[in-house]
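Asker: In the numbering used here, each number is its position in the sequence shown, counted from 1, plus 1398.
Where is the CB? At the ideal position from N, CA and C, for every residue including glycine.
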Amino acid sequence: MNDKHDSVANLDKKTRSAIRGWCIYDWANSAFFTSAGTAIFPIYFVVAFQAAFGSQTKIFGITFTGSSLWALGVSLSALFVALSSPILGAIADTKPL
């Protein structure tokens, strides 16, 4: 960013306005999906689970509630990311941009 040609200040007003608009859009979009993914969707999942299966159900002999099944899904997806990230990162590092 030391090169004066890389500075946003050197862009024309219309381009700077477009960049600012995209930054605000990305900020708002990230906040929306963070709120929906952490506060709204888990509640919806539990309500949908209860409507479909009642308060609990057995899967492979293990009794689950909506909340415990949601927690299991989040935990398994986090475990998948933790195990696959080093491998996929190493693969990505070998590929040229």
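In terms of residues, what are the limits of the beta strand (DSSP E) holding Phe-1462?
Answerer: Unbroken beta strand (DSSP E) run through Phe-1462: 1460-1463.
Asker: Measure the alpha-carbon distance for Cys-1421 versus Gly-1452 and round it to whole angstroms.
Answerer: Roughly 44 Å between the two C-alpha positions.
Asker: Measure the alpha-carbon distance for Phe-1443 versus Lys-1412 and round it to whole angstroms.
Answerer: Each residue's alpha carbon lies about 44 Å from the other.
Asker: Within 10 angstroms of the Cβ of Gly-1464, are there 16 or more other Cβ atoms? Answer buried if so, exposed if not.
Answerer: Buried: at least 16 other Cβ atoms inside 10 Å.
Asker: Quick check on the burial criterion: 16 or more other C-beta atoms within 10 angstroms. Buried or exposed for Phe-1447?
Answerer: Its Cβ being crowded by 16 or more others within 10 Å, Phe-1447 is buried.
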